[in-house]
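What follows is one structure encoded as structure tokens, with my remarks underneath.
Numbering (this note's numbering), first residue to last: 37 to 519.
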């Protein structure tokens with residue numbers, strides 16, 4: 037074992053111990069670990085696959101630290117969500133475990149079944165951690181800022197590659213995907229990420245979450261710095277060659293604006309979103325002044341980006357709906373078992389390569405692994421979750437808390453990822469991305485709880501002219517947890 041690998045292991049163990057000692061700081065270390073895993077895999081001989089789950093070890097350390105100081109998760113304050121999802125969620129979980137058994141019996145490969153389970157269940161521990169972490173709104177803002185800054189650093193590698201830096205840590209793992217455009221093959225850049233698809237997703241996520249901070253007016257960075265970061269993120273996303281990042285940002289902006297309109301008190305913030313999006317597009321258009329021809333220069337990336345909306349309907353039809361038919365043709369109505377269409381399964385006897393495009397479309401992936409019954413149960417869970425979120429929107433629409441704008445933005449980000457999942461599910465096989473979505477969902481529930489509890493306390497205090505008793509405080513607010 038080389039000295040460099042030993043040093044990496046030592047630092048990793050040290051960070052794990054820090055995550056256990058302080059679970060809140062451990063949340064930020066989880067983000068750092070999720071980002072660092074890609075570059076580490078590139079530089080270690082053999083590019084070991086197991087490094088992609090290193091972030092899971094940090095999450096496990098954070099959970100252990102949480103239990104050590106607080107005993108257990110308390111679900112009392114999530115009763116309303118439990119009631120909304122109890123029946124469809126319970127049935128879906130039961131079917132999931134059944135298909136895990138099918139995978140074990142059919143392929144005699146526990147790793148394949150484990151990968152399949154991970155792709156569905158990974159967000160849940162992240163959700164519960166984020167719920168308690170987010171009961172202090174400052175923690176959420178700190179987390180999002182840290183994520184955005186880490187994303188900028190990771191995506192900066194795209195510009196290094198574009199300007200000729202030839203480091204092994206900037207190359208894509210594997211062969212990647214060739215993108216054909218008029219004039220030749222378009223060169224795409226992953227930066228420090230392991231693939232262009234993951235780089236594009238994080239570019240879109242960073243843009244969306246940075247916009248959330250700006251619109252919520254909780255970001256006090258200089259305006260020129262924010263504008264520069266947005267432009268750099270947009271340019272980096274375009275140079276990955278992956279158009280779906282533009283679609284995700286556009287859907288997010290539309291959903292965010294719609295939610296603010298629903299609340300009927302965010303006109304100025306809607307204008308901010310419109311100005312920022314318009315400014316981004318205008319600044320990106322300046323790249324069009326580059327008159328390079330063929331596949332050189334920046335014009336090809338802009339030209340390809342412009343086609344995303346034109347091709348959206350066709351892509352949704354083929355990879356969204358038709359993938360269900362491909363999956364049924366490949367594995368039948370009852371599905372082939374967990375892991376056969378999951379990202380990473382190709383290393384252990386599964387993967388989309390076994391049956392074509394069904395693994396790339398999200399609905400096709402679910403149908404291939406869980407069959408038509410599993411797809412129906414999944415859609416039932418999704419519909420129940422949407423109804424629950426709609427009720428939350430109705431409740432919060434009458435509230436005046438500044439946290440409402442942050443809640444709206446995080447919900448819009450989650451909604452924007454649904455169409456991306458439908459047409460490009462492979463990126464959601466990345467453990468770090470699954471955990472991040474779980475964290476964001478947990479933050480939305482924490483913000484919702486804090487808004488209602490704070491308003492209840494203020495109402496009782498103003499009505500009775502005195503502070504609540506200790507028992508009443510505990511009833512209104514979730515328990516205060518140890519660091």
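From the three backbone atoms N, C-alpha and C, an ideal C-beta is built for every residue, glycine too.
> Per DSSP, what kind of secondary structure is residue 129 in: helix, strand or coil?
Replying inline: As a first step, residue 129 is located in the chain shown; it is residue number 93 there, counting from the start. Correct three-state label for residue 129: helix.
> Which residues in the same chain have their Cβ closer than 6 Å to the Cβ of residue 254, if we skip the five residues on either side of it in sequence?
Replying inline: Here residue 254 refers to the residue found at position 218 when the chain shown is read from its first residue. Closer than 6 Å at Cβ, skipping near neighbours: 177.
> So what's residue 222 in DSSP terms, helix, strand or just coil?
Replying inline: Position 186 of the chain shown, counted from the start, is the residue given in the question as residue 222. Residue 222 falls in the strand class under three-state DSSP.
>> With the cut-off set at 8 Å, would you say residue 445 and residue 404 are in Cβ contact?
In response: In the chain shown, residue 445 corresponds to position 409, counting from 1. In the chain shown, residue 404 corresponds to position 368, counting from 1. Not closer than 8 Å, so no.
> Which of helix, strand or coil does DSSP assign to residue 279?
Replying inline: Numbered from 1 along the chain shown, position 243 holds the residue referred to as residue 279. Here residue 279 sits in coil by DSSP.
> Just to confirm, are residue 246 and residue 262 a CB contact at a threshold of 8 Å?
Replying inline: By one-based count along the chain shown, residue 246 stands at place 210. By one-based count along the chain shown, residue 262 stands at place 226. Taking 8 Å as the Cβ cut-off, residue 246 and residue 262 qualify as a contacting pair.
> Would DSSP call residue 57 helix, strand or coil?
Replying inline: In the chain shown, counting from the first residue as 1, residue 57 sits at position 21. In this structure, residue 57 counts as helix in the three-state DSSP scheme.
> Touch check for the segment 460-480 and the segment 162-169: three-plus C-beta pairs under 8 Å?
Replying inline: yes
>> Mapping the DSSP letters down to three states, classify residue 179 as helix, strand or coil.
In response: Here residue 179 corresponds to residue number 143 of the chain shown, with the count starting at 1. Helix at residue 179.
>> Starting from residue 233, trace the alpha helix (DSSP H) in both directions and tell me its first and last residue.
In response: What you label residue 233 is simply residue 197 of the chain shown in a count that begins at 1. Here the alpha helix (DSSP H) through residue 233 covers 232-251.
>> Let me check understanding here. Comparing Cα to Cα, which of 279, 252 and 375 lies closest to residue 141?
In response: Position 105 of the chain shown, counting from 1, holds the residue named residue 141. Of 279, 252 and 375, the residue nearest in Cα terms is 375.
> What runs of the beta strand (DSSP E), each 3 residues or longer, lie entirely inside the segment 459-487?
Replying inline: none
> Using the beta-carbon count (16 or more within 10 Å), is residue 83 buried or exposed?
Replying inline: Residue mapping note: residue 83 aligns to position 47 of the chain shown, counting from 1. Residue 83 is exposed by the Cβ-count criterion.
>> On the DSSP letters alone, give me the boundaries of the alpha helix (DSSP H) that residue 254 sits inside.
In response: Your numbering for residue 254 matches position 218 in the chain shown. Run containing residue 254: none; DSSP gives neither H nor E here.
> Under the three-state reduction of DSSP, which class applies to residue 84: helix, strand or coil?
Replying inline: One-based indexing of the chain shown puts residue 84 at position 48. DSSP places residue 84 in coil when its eight states are reduced to three.
> From which residue to which residue does the alpha helix (DSSP H) around residue 400 run?
Replying inline: As a position in the chain shown, residue 400 is number 364, starting the count at 1. Element bounds for residue 400: 398-432.
> Can you tell me where the alpha helix (DSSP H) with residue 200 in it begins and where it stops?
Replying inline: Within the chain shown, numbered from 1, the residue matching residue 200 stands at position 164. Element bounds for residue 200: n/a, residue is neither H nor E.
>> Using only the alpha-carbon positions, how far apart do residue 518 and residue 54 sit?
In response: Stepping through the chain shown from its first residue, residue 518 is reached at position 482. Stepping through the chain shown from its first residue, residue 54 is reached at position 18. Its pLDDT being 39, under 50, residue 518 is placed unreliably in this model, and the coordinates cannot settle the point.
> In whole angstroms, what separates the C-alpha of residue 80 from that of residue 280?
Replying inline: Translated into positions along the chain shown, residue 80 becomes position 44. Translated into positions along the chain shown, residue 280 becomes position 244. So the two alpha carbons sit approximately 30 Å from each other.
>> Pop quiz: residue 187 and residue 256 are said to be a contact at Cβ under 8 Å. What is the actual Cβ separation, rounded to whole angstroms?
In response: Here the question's residue 187 lines up with position 151 in the chain shown. Here the question's residue 256 lines up with position 220 in the chain shown. Not a contact, Cβ separation roughly 19 Å.
> Could you give the residue range of the alpha helix (DSSP H) that holds residue 96?
Replying inline: The residue you call residue 96 lines up with position 60 of the chain shown. Residue 96 -> alpha helix (DSSP H) spans 90-106.
> Could you give the C-beta distance for residue 183 and residue 72, rounded to a whole number, given that I count them as a contact under 8 Å?
Replying inline: One-based indexing of the chain shown puts residue 183 at position 147. One-based indexing of the chain shown puts residue 72 at position 36. Not really, about 13 Å apart at Cβ, beyond 8 Å.
>> My assumption, with CB atoms under 8 Å, is that residue 265 sits in contact with residue 191. Please give the rounded CB distance.
In response: Taking the chain shown and counting its residues from 1, the one referred to as residue 265 is at position 229. Taking the chain shown and counting its residues from 1, the one referred to as residue 191 is at position 155. Incorrect: roughly 10 Å between the Cβ atoms, too far for contact.
>> Rounded to whole angstroms, what is the Cα-Cα separation between residue 271 and residue 126?
In response: Here residue 271 refers to the residue found at position 235 of the chain shown. Here residue 126 refers to the residue found at position 90 of the chain shown. About 43 Å.
> What number of angstroms, rounded off, separates the C-alpha of residue 52 from the C-alpha of residue 97?
Replying inline: Position 16 of the chain shown, counted from the first residue, corresponds to residue 52. Position 61 of the chain shown, counted from the first residue, corresponds to residue 97. Near 6 Å, if we compare the C-alpha coordinates of residue 97 and residue 52.
> What's the gap between the Cα of residue 468 and the Cα of residue 485?
Replying inline: The residue given as residue 468 occupies position 432 in the chain shown. The residue given as residue 485 occupies position 449 in the chain shown. Their Cα atoms are separated by approximately 26 Å.
> For residue 149, which residues from the same chain have a beta carbon less than 6 Å from its beta carbon, with the 5 sequence-adjacent residues on both sides left out?
Replying inline: Position 113 of the chain shown, counted from the first residue, corresponds to residue 149. Hits under 6 Å: 136, 139, 140, 374 and 375.
>> Using only the alpha-carbon positions, how far apart do residue 195 and residue 207 sit?
In response: Residue numbering aside, residue 195 sits at position 159 when the chain shown is read from its first letter. Residue numbering aside, residue 207 sits at position 171 when the chain shown is read from its first letter. Approximately 13 Å, taken between the alpha carbons.
> Taking three-plus beta-carbon pairs below 8 Å as touching, is the segment 417-432 in contact with the segment 221-240?
Replying inline: no
>> Going by DSSP, what residue range makes up the alpha helix (DSSP H) through residue 209?
In response: Locating residue 209 in the chain shown gives position 173, counting from the first residue. It is not in any alpha helix (DSSP H) - residue 209 carries neither H nor E in the DSSP assignment.
> In three-state DSSP terms, what is residue 136?
Replying inline: Stepping through the chain shown from its first residue, residue 136 is reached at position 100. In the structure shown, residue 136 sits in a helix (DSSP, three-state: H, G or I).
> Counting along the chain, where does the alpha helix (DSSP H) carrying residue 150 start and finish?
Replying inline: Within the chain shown, numbered from 1, the residue matching residue 150 stands at position 114. Unbroken alpha helix (DSSP H) run through residue 150: 146-157.
> In or out: residue 297 buried (at least 16 other Cβ within 10 Å) or exposed?
Replying inline: For the purposes of this step, residue 297 is identified with residue 261 of the chain shown, where counting begins at 1. Residue 297 comes out exposed.
> Can you tell me whether DSSP reads residue 490 as helix, strand or coil?
Replying inline: In the chain shown, counting from the first residue as 1, residue 490 sits at position 454. Looking at residue 490 - three-state DSSP - the assignment turns out to be helix.
>> So, under 8 Å CB-CB, residue 295 and residue 429 are touching, yes? Tell me the CB distance rounded to an integer number of Å.
In response: Here residue 295 corresponds to residue number 259 of the chain shown, with the count starting at 1. Here residue 429 corresponds to residue number 393 of the chain shown, with the count starting at 1. So it is a contact: roughly 7 Å between Cβ atoms.
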